[in-house]
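Undergrad: Quick one: the structure is below, and I'll ask about it shortly.
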Amino acid sequence: MVKVKVVERPPADLVVQSWLPELWKGMKVSGRHFFVNLLTQKGIVTSQYPEVKRAYPPRFRGKHRLMRREDGSVRCVACFMCSTACPADCISIVAGQRDDENEKFPVTFEVDFIKCVFCGMCEEACPCDAIRLDSGVHRAPAYTRKEELNGKEDLLSLGSLSVARQGGEFK
Amino acid sequence: MTLTFVLLTLAKILGFILVFCVILAAILTWVERKMSSIIQDRIGPNRAEILGFRAFGLFHPIADMIKSFTKEEFVPAGASKTLFFLAPAFALVPTLCAFAVVPFGPGDLVISNLDSGMLFVFAIMGFGIYGVTLGGWASASNFAMLGALRGAAQMVSYEVSMGLNVVGIFAVFGSVSLTAIVGAQGHLLWGWLPMWGIVVQPLGFVLFLVAAMAENKRAPFDLPEGESEIIGYFVEYSAMGFATFMLSEFLEVIVIACIAATLFFGGWQIPWLDPTGTAGGWITVAQVAFFAFKVLFLCWFQMLIRWTVPRFRYDQVMSLGWKVLLPLSLANILATAVVLALVV
Ligand code: SF4
Ligand code: SF4
């Protein structure tokens, strides 16, 4: 049996029903806001957006960036972990063989920002800290769908050096 | 009818209706937005700028005007074209006419000193229903028609109690002419209290304000407009047609403020100063300014109510009109009559 707690309505006595005292109370509230904000602007919470920008919280997830190794090449090893984890299925990678070492690298690496929900799953799935969402850059609106497809160069241009040693040593 | 009379009347029409009222209505659109925003702790419109000046968003009415003049005037398929274009005029013109009998200053400072003053206002405001119903019917849209029906029902019901509310005023001041009513409010009760309408008819004032706001169809009585469910008699209007409906709504706010100031706040009377209005000179200027101040205050007051109270349900509007306002205004008339019979 579900226990239902019945909350009695406060009785609508004549004071409430005559409506004017309650209206007066409401007018006092809106009148207070009116005069306080008119004279001092104290209560106003709006920020004047393009001129005044708020700092983003540190965990804000913006556009993806691909991190680099010490030699400047891309850290990604094209393991497809991120595209497998992605719930929106918006990462498409074509893998290739690196010449300098026995490792793969992404020939193309595309993130479709129309589909992306900025959940950060790709970032969590990546075994070698190659993809991050901490760029702080908004996904900008575009006129065509094609412009929303961000390729390897775009993502790398936001990237920076990472020397994380997750997943063991590398040469 | 001499030429001077015609010229003087034209000057008064130009000064009072076109300059004061229409410009005030345009400014009220700004006041409405700005006031709602600061009541809700926002800043409100402030982006329209001319040569780098923003003037607290005061240029927004100008931008609105340019926009509504240049937008496409859309006529829905199946609409009755003539009536569709006439309806906004039917809403606007009666509202403008109502200003004709409002005495905005002592003596000759009234466009037309009609003996039937207040009755003329009621008659001409009754025309406003045509704008609503025609606008809704000519749009050939079910939602517009619903809004028009709501509007007509609401306006008819509240007109009754609005008319009955001021009967008390007529009884106390012994006239329906607005000029005579303002003149009578220059008397003093017991030698010191200005005999303003609000002093002798406090209940009448409250009832009048409620009925008048319901008549004006603004929140909390905005069911004919129903922004949230988009049932409104002008839902099919765009550009200037819509702007005309909006303008007449704001003009009606000013009409209500003018009538309330005239009937209940002594019109141009400044307490204890020149009650007959014959002093002339700077005192006349002060009296006109004081009337303008009262009108501005009452406009502000109506907006404060509008941004405080949530909307009524439709059945609540109807039962408030017929079951509460009507009996109360009848009781008000009765009480006034009894007191008058005992005192006078
Ligand atoms: S943030 Fe989420 S949706 Fe966007 S690419 Fe990464 S996993 Fe896919
Ligand atoms: S970004 Fe990371 S998870 Fe995605 S393919 Fe490259 S290495 Fe694998």
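These protein sequence lines map, in sequence, to chains A and B. As numbered in our numbering, residues 4 to 174 make up the first sequence, in order. As numbered in our numbering, residues 4 to 347 make up the second sequence, in order. Note that beta-carbon positions come from the ideal geometry of N, C-alpha and C, so glycine has one too.
Anything in chain B within Cβ reach of residue 41 (chain A), meaning under 7 Å, just list it in chain order.
TA: Taking the first residue of the first sequence as position 1, residue 41 (chain A) is located at position 38. Chain B residues near residue 41 (chain A): 41.
Undergrad: If you measure between the beta carbons of residue 107 (chain B) and residue 295 (chain B), is that distance less than 9 Å?
TA: As a position in the second sequence, residue 107 (chain B) is number 104, starting the count at 1. As a position in the second sequence, residue 295 (chain B) is number 292, starting the count at 1. Their beta carbons are under 9 Å apart, which means residue 107 (chain B) touches residue 295 (chain B) by this criterion.
Undergrad: Just verifying my parser: in three-state terms, what is the DSSP assignment at residue 173 (chain A)?
TA: Residue 173 (chain A) sits at position 170 when you count from the first residue of the first sequence. The predicted position of residue 173 (chain A) is uncertain, since its pLDDT is 49 and thus under 50; a value taken from the coordinates is nonetheless stated next. If DSSP states are grouped into helix, strand and coil, residue 173 (chain A) belongs with coil.
Undergrad: Determine the direct distance from the alpha carbon of residue 183 (chain B) to that of residue 329 (chain B), and round the result to whole angstroms.
TA: Translated into positions along the second sequence, residue 329 (chain B) becomes position 326. Translated into positions along the second sequence, residue 183 (chain B) becomes position 180. Approximately 27 Å between the Cα atoms of the pair.
Undergrad: Taking only the alpha-carbon atoms, compute the straight-line gap between residue 174 (chain A) and residue 148 (chain A) and give it to the nearest angstrom.
TA: On the first sequence, residue 174 (chain A) is found 171 positions in, with the first residue counted as 1. On the first sequence, residue 148 (chain A) is found 145 positions in, with the first residue counted as 1. With a pLDDT of 43 at residue 174 (chain A), under the threshold of 50, the modelled position of that residue is not reliable, and no figure is offered here.
Undergrad: Check for me: the beta strand (DSSP E) holding residue 96 (chain A) runs from which residue to which?
TA: Mapped onto the first sequence, residue 96 (chain A) falls at position 93. Segment 94 to 100, the beta strand (DSSP E) holding residue 96 (chain A).
Undergrad: Would residue 23 (chain A) count as contacting chain B if we go by Cβ distances under 9 Å?
TA: The sequence position of residue 23 (chain A) within the first sequence is 20, counting from 1. Output row for residue 23 (chain A): interface = yes.
Undergrad: Going by CA-CA distance only, name the one from A:167, A:164, A:4, A:123 that's closest to residue 66 (chain A).
TA: Along the first sequence, read from residue 1 onward, the residue named residue 66 (chain A) stands at position 63. Residue A:123 is the option with its Cα nearest to residue 66 (chain A).
Undergrad: Quick check: is the beta carbon of residue 48 (chain A) nearer than 9 Å to any beta carbon in chain B?
TA: In the first sequence, counting from the first residue as 1, residue 48 (chain A) sits at position 45. Yes - at least one Cβ of chain B is within 9 Å of the one on residue 48 (chain A).
Undergrad: Under three-state DSSP, which class holds residue 327 (chain B)?
TA: Residue 327 (chain B) sits at position 324 when you count from the first residue of the second sequence. Here residue 327 (chain B) sits in helix by DSSP.
Undergrad: Taking 9 Å as the CB-CB limit, is residue 180 (chain A) close to chain B?
TA: Nothing can be reported for residue 180 (chain A), as the shown portion of chain A is limited to 4 through 174.
Undergrad: Can you find a CB in chain A that lies within less than 9 Å of the CB of residue 335 (chain B)?
TA: Here the question's residue 335 (chain B) lines up with position 332 in the second sequence. By this cut-off, residue 335 (chain B) is not an interface position.
Undergrad: Is residue 322 (chain B) near residue 75 (chain B), with beta carbons less than 9 Å apart?
TA: Position 319 of the second sequence, counted from the first residue, corresponds to residue 322 (chain B). Position 72 of the second sequence, counted from the first residue, corresponds to residue 75 (chain B). No.
Undergrad: Suppose you measure from the CA of residue 51 (chain A) to the CA of residue 35 (chain A); what does that come to, to the nearest Å?
TA: Counted from its first residue, the first sequence places residue 51 (chain A) at position 48. Counted from its first residue, the first sequence places residue 35 (chain A) at position 32. Roughly 23 Å between the two C-alpha positions.
Undergrad: Could you give the distance in angstroms between the alpha-carbon of residue 122 (chain B) and the alpha-carbon of residue 179 (chain B)?
TA: Start at 1 with the first residue of the second sequence, and residue 122 (chain B) comes out as number 119. Start at 1 with the first residue of the second sequence, and residue 179 (chain B) comes out as number 176. Cα-Cα distance, rounded: 7 Å.
Undergrad: Does at least one heavy atom of ligand 1 sit under 8 Å from the Cβ of residue 113 (chain A)?
TA: By one-based count along the first sequence, residue 113 (chain A) stands at place 110. No.
Undergrad: Flag this pair as yes or no: are the beta carbons of residue 148 (chain B) and residue 218 (chain B) separated by less than 9 Å?
TA: Taking the second sequence and counting its residues from 1, one reaches residue 148 (chain B) at position 145. Taking the second sequence and counting its residues from 1, one reaches residue 218 (chain B) at position 215. It is not a contact, given that the beta carbons lie outside the stated cut-off.
Undergrad: DSSP beta-bridge partners for residue 113 (chain A)?
TA: Position 110 of the first sequence, counting from 1, holds the residue named residue 113 (chain A). Residue 113 (chain A) is bridged to A:95.
Undergrad: Taking residue 200 (chain B) as the reference, give the member of B:6, B:166, B:112, B:267 with the closest Cα.
TA: Reading the second sequence from its first residue, position 197 is the one you call residue 200 (chain B). For the residues B:6, B:166, B:112, B:267, the minimum Cα distance to residue 200 (chain B) belongs to B:267.
Undergrad: Just jot down, in chain order, the residues whose CB lies closer than 6 Å to any heavy atom of ligand 2.
TA: Taking each Cβ in turn, the ones that pass are A:79, A:80, A:81, A:82, A:83, A:84, A:85, A:96, A:128, A:129, A:131, A:133, A:134.
Undergrad: Assuming residue 327 (chain B) and residue 223 (chain B) make a contact with CB atoms under 8 Å, what is their CB distance in whole Å?
TA: By 1-based counting over the second sequence, the position of residue 327 (chain B) is 324. By 1-based counting over the second sequence, the position of residue 223 (chain B) is 220. So it is not a contact: roughly 14 Å between Cβ atoms.
Undergrad: Residues of chain A with a CB under 7 Å from the CB of residue 44 (chain B): which are they?
TA: Translated into positions along the second sequence, residue 44 (chain B) becomes position 41. The contacting residues are 36, 40, 46, 47, 48.
Undergrad: For residue 69 (chain A), write down the residues that DSSP places opposite it in a beta bridge.
TA: For the purposes of this step, residue 69 (chain A) is taken as the residue at position 66 of the first sequence. DSSP output for residue 69 (chain A) lists A:134 as bridge partner(s).
Undergrad: Shorter than 9 Å from the beta carbon of residue 275 (chain B) to some beta carbon of chain A?
TA: Residue numbering aside, residue 275 (chain B) sits at position 272 when the second sequence is read from its first letter. Residue 275 (chain B) does not count as touching chain A.
Undergrad: What does residue 17 (chain A) touch in chain B if you count any residue whose Cβ is under 8 Å from its own?
TA: Taking the first sequence and counting its residues from 1, one reaches residue 17 (chain A) at position 14. Simply none; closest approach about 13 Å.
Undergrad: Does the beta carbon of residue 123 (chain A) fall short of 8 Å from some heavy atom of ligand 1?
TA: Reading the first sequence from its first residue, position 120 is the one you call residue 123 (chain A). Checking the Cβ of residue 123 (chain A) against ligand 1 gives yes.
Undergrad: Just to confirm, does residue 120 (chain A) get its C-beta within under 8 Å of one of the non-hydrogen atoms of ligand 1?
TA: Indexing the first sequence from 1 puts residue 120 (chain A) at position 117. Yes - ligand 1 has a heavy atom lying nearer than 8 Å to the Cβ of residue 120 (chain A).
Undergrad: Is any heavy atom of ligand 1 found at a distance shorter than 8 Å from the C-beta of residue 109 (chain A)?
TA: Residue numbering aside, residue 109 (chain A) sits at position 106 when the first sequence is read from its first letter. No, since every heavy atom of ligand 1 falls outside the 8 Å radius drawn around the Cβ of residue 109 (chain A).
Undergrad: Is residue 64 (chain A) close to ligand 1? I mean its beta-carbon at under 8 Å from any heavy atom of the ligand.
TA: What you label residue 64 (chain A) is simply residue 61 of the first sequence in a count that begins at 1. Residue 64 (chain A) Cβ: within cutoff of ligand 1.
Undergrad: Considering only C-alpha positions, which residue in the set B:13, B:99, B:316, B:73 is nearest to residue 226 (chain B)?
TA: The residue labelled residue 226 (chain B) in the question sits at position 223 within the second sequence. Nearest option by C-alpha distance: B:316.
Undergrad: List the residues of chain A that residue 312 (chain B) touches, going by C-beta distances under 8 Å, in chain order.
TA: Residue mapping note: residue 312 (chain B) aligns to position 309 of the second sequence, counting from 1. By Cβ distance, chain A contributes 26, 29.
Undergrad: Measuring from the CB of residue 227 (chain B), is there a heavy atom of ligand 1 at a distance below 8 Å?
TA: Numbered from 1 along the second sequence, position 224 holds the residue referred to as residue 227 (chain B). Every heavy atom of ligand 1 is 8 Å or more from the Cβ of residue 227 (chain B), so no.
Undergrad: Just tell me which of A:116, A:27, A:159 has its CA closest to the CA of residue 309 (chain B).
TA: What you label residue 309 (chain B) is simply residue 306 of the second sequence in a count that begins at 1. Taking only the C-alpha atoms, the option nearest residue 309 (chain B) is A:27.
Undergrad: Spatial neighbours of residue 110 (chain A) within its chain, please: C-beta separation below 6 Å, excluding the five flanking residues on both sides.
TA: Looking up residue 110 (chain A) in the first sequence gives position 107. Cβ within range, chain order: 97, 99.
Undergrad: Compare the C-beta of residue 307 (chain B) against all C-beta atoms of chain A and say whether one is closer than 9 Å.
TA: Here the question's residue 307 (chain B) lines up with position 304 in the second sequence. Yes, residue 307 (chain B) counts as interfacial toward chain A.
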